[in-house]
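Asker: Residues in the sequence shown are numbered from 439 upward in steps of one, following the working numbering.
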Amino acid sequence: MFQVLDGKKLAATIKDEIANEVRQITAAGKRAPHLVAVIVGEDGASQTYVASKERASKEVGFTSSVYRLPESITEEELLKTVDFLNNDPEVDGYIIQLPLPKHINENRVINAIDPDKDVDCFTAINLGRMVLNEDGFLPATPMGACTLLERYGIETDGKHCVVLGRSNIVGTPMMNLMSRNNKHANCTVTICHSHTKNLAEITRQADILVVAIGKPNFVTADMVKDGAVLVDVGIHRIPDDSPKGYYICGDVKHDEVDEKCSWVTPVPGGVGPLTIVTLLQNTFKAYRKHQK
């Protein structure tokens, strides 16, 4: 029988820890940390993500602001907003919600963010700091997955971790974090992707299987070995005839895979809540740096 890596429960615990610290800060007469989200256009999923980040910020006592910009905004106008936030001393960290409209160069906008306020860890500078194991922010979703493994006491030292997916947001940073020389990592890491040959043979070798392939129900029982720790990063809305009009699923076909595993992240309620918690932790780190 598998056990659940309950991200929702753990996120609530960590948010309580953050909120206690914020109360102490504000009781001493100092301002609360300030997190800003910038959203361009009306994309439904982006609206949902930003709303959840705004709600979590308020739950821990942060100041939360949202800049809602029209989809027709020019790249230069958006860059002016970035410059304004970079220079606002009351803003500790901010995120540019992706994706951006197609007429805007995402890389140009992201790399215009002040690295010391880049709490999503999207800039080339912060990704470089991560690779070199220098002090900086860590990407929210991979770090959230690592936090789940650490807080639940999952043994990682010397284990074979297979990461399925190579995006700059999840897969590649996860490979870096899991191979680091510390007691909560020290894995031998294999990274797989759409061009990997004999994929199932490789995923079946995983003691820890991290799935971030972006395809619903992609991982099936024949791809997972008995007793593996399964981390499903995927989340998809699949249309159906329910009152909501959709159901949520991950990159793993959980109804046939979970029973083979020792630990499993549910979808929803697994990695997702820890992604937002990491964003709060990064903002708090930026705040402390700005207060020095």
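Cβ atoms here follow ideal geometry from the backbone N, Cα and C, with glycine treated the same way.
(1) Whole-angstrom Cβ separation of Val671 and Val649, contact assumed at under 8 Å?
(2) Note down the Cα distance separating Asp530 from Glu639, rounded to an integer number of angstroms.
(3) If you follow the alpha helix (DSSP H) that Val476 is part of, which residue opens it and which one closes it?
(4) Closest to Asp556 by CA distance: which of Gly707, Leu538, Asp595, Leu576 is it?
(5) From Asp689 to Val662, what does the alpha carbon distance come to, in whole angstroms?
(6) Out of Phe722, Lys691, Val476, which has the shortest C-alpha to C-alpha gap to Gly499?
(7) If we ignore side chains and look at the alpha-carbon of each, how far apart do Val466 and Lys698 end up?
(8) On the three-state DSSP scale, how would you describe Arg546?
(9) I need the straight-line Cα distance from Gly482 to Arg589, nearest angstrom please.
(10) Run the CB neighbour count on Gln462, radius 10 Å, all protein chains shown included, and call it buried at 16 or more, exposed below.
(11) Does Arg675 come out as helix, strand or coil in the three-state DSSP assignment?
(12) Counting pairs of Cβ atoms below 8 Å between the region 673-688 and the region 520-535, do you hit three or more?
(13) To the nearest angstrom, report how far apart His541 and Leu507 are at their CA atoms.
(14) Please determine, among His692, Cys630, Lys635, Thr634, the residue with the shortest C-alpha to C-alpha distance to Ala659.
(15) Beta carbon of Cys599, beta carbon of Val569: below 8 Å?
(16) Might you give, ordered along the chain, the residues of its own chain that have their beta carbon closer than 7 Å to the beta carbon of Lys446, omitting 5 neighbours on each side?
(17) Quick one, are the C-beta atoms of Glu509 and Pro537 less than 8 Å apart?
Answerer: Result, derived from the coordinates:
(1) As a first step, residue 671 must be located in the sequence shown, where it is residue number 233. As a first step, residue 649 must be located in the sequence shown, where it is residue number 211. The beta-carbon separation of Val671 and Val649, rounded to 6 Å, stays under the 8 Å limit for a contact.
(2) Residue numbering aside, residue 530 sits at position 92 when the sequence shown is read from its first letter. Residue numbering aside, residue 639 sits at position 201 when the sequence shown is read from its first letter. Spanning the two alpha carbons is a distance of roughly 45 Å.
(3) Position 38 of the sequence shown, counted from the first residue, corresponds to residue 476. Per DSSP, Val476 belongs to no alpha helix (DSSP H); it is in the beta strand (DSSP E), 472-478.
(4) Taking the first residue of the sequence shown as position 1, residue 556 is located at position 118. Asp556 has its Cα closest to that of Leu576, out of Gly707, Leu538, Asp595, Leu576.
(5) As a working mapping, residue 689 is identified with position 251 in the sequence shown. As a working mapping, residue 662 is identified with position 224 in the sequence shown. Their Cα atoms are separated by approximately 13 Å.
(6) Along the sequence shown, one-based indexing puts residue 499 at 61. Answer by Cα proximity: Phe722.
(7) For the purposes of this step, residue 466 is identified with residue 28 of the sequence shown, where counting begins at 1. For the purposes of this step, residue 698 is identified with residue 260 of the sequence shown, where counting begins at 1. Sequence inspection shows Ala at residue 466; the Val mentioned does not correspond to that position. Here the alpha carbons of Lys698 and Ala466 stand approximately 51 Å from one another.
(8) On the sequence shown, residue 546 is found 108 positions in, with the first residue counted as 1. In the structure shown, Arg546 sits in a helix (DSSP, three-state: H, G or I).
(9) Working through the sequence shown from its first residue, we reach residue 482 at position 44. Working through the sequence shown from its first residue, we reach residue 589 at position 151. Each residue's alpha carbon lies about 32 Å from the other.
(10) What you label residue 462 is simply residue 24 of the sequence shown in a count that begins at 1. Classification of Gln462: exposed, given that the 10 Å Cβ count is below 16.
(11) In the sequence shown, residue 675 corresponds to position 237, counting from 1. Looking at Arg675 - three-state DSSP - the assignment turns out to be strand.
(12) No, because fewer than three Cβ pairs between the region 673-688 and the region 520-535 fall closer than 8 Å, the two stretches do not touch.
(13) Locating residue 541 in the sequence shown gives position 103, where the first residue counts as 1. Locating residue 507 in the sequence shown gives position 69, where the first residue counts as 1. Straight-line measurement puts the Cα of Leu507 at about 14 Å from the Cα of His541.
(14) Within the sequence shown, numbered from 1, the residue matching residue 659 stands at position 221. Among His692, Cys630, Lys635, Thr634, the Cα nearest to that of Ala659 is on His692.
(15) Position 161 of the sequence shown, counted from the first residue, corresponds to residue 599. Position 131 of the sequence shown, counted from the first residue, corresponds to residue 569. No, they are not a contact pair.
(16) Within the sequence shown, the letter at position 8 stands for residue 446. Once the five neighbours on either side are set aside, the close Cβ partners of Lys446 are Gly707, Pro711.
(17) The residue you call residue 509 lines up with position 71 of the sequence shown. The residue you call residue 537 lines up with position 99 of the sequence shown. Cβ atoms of Glu509 and Pro537: not closer than 8 Å.
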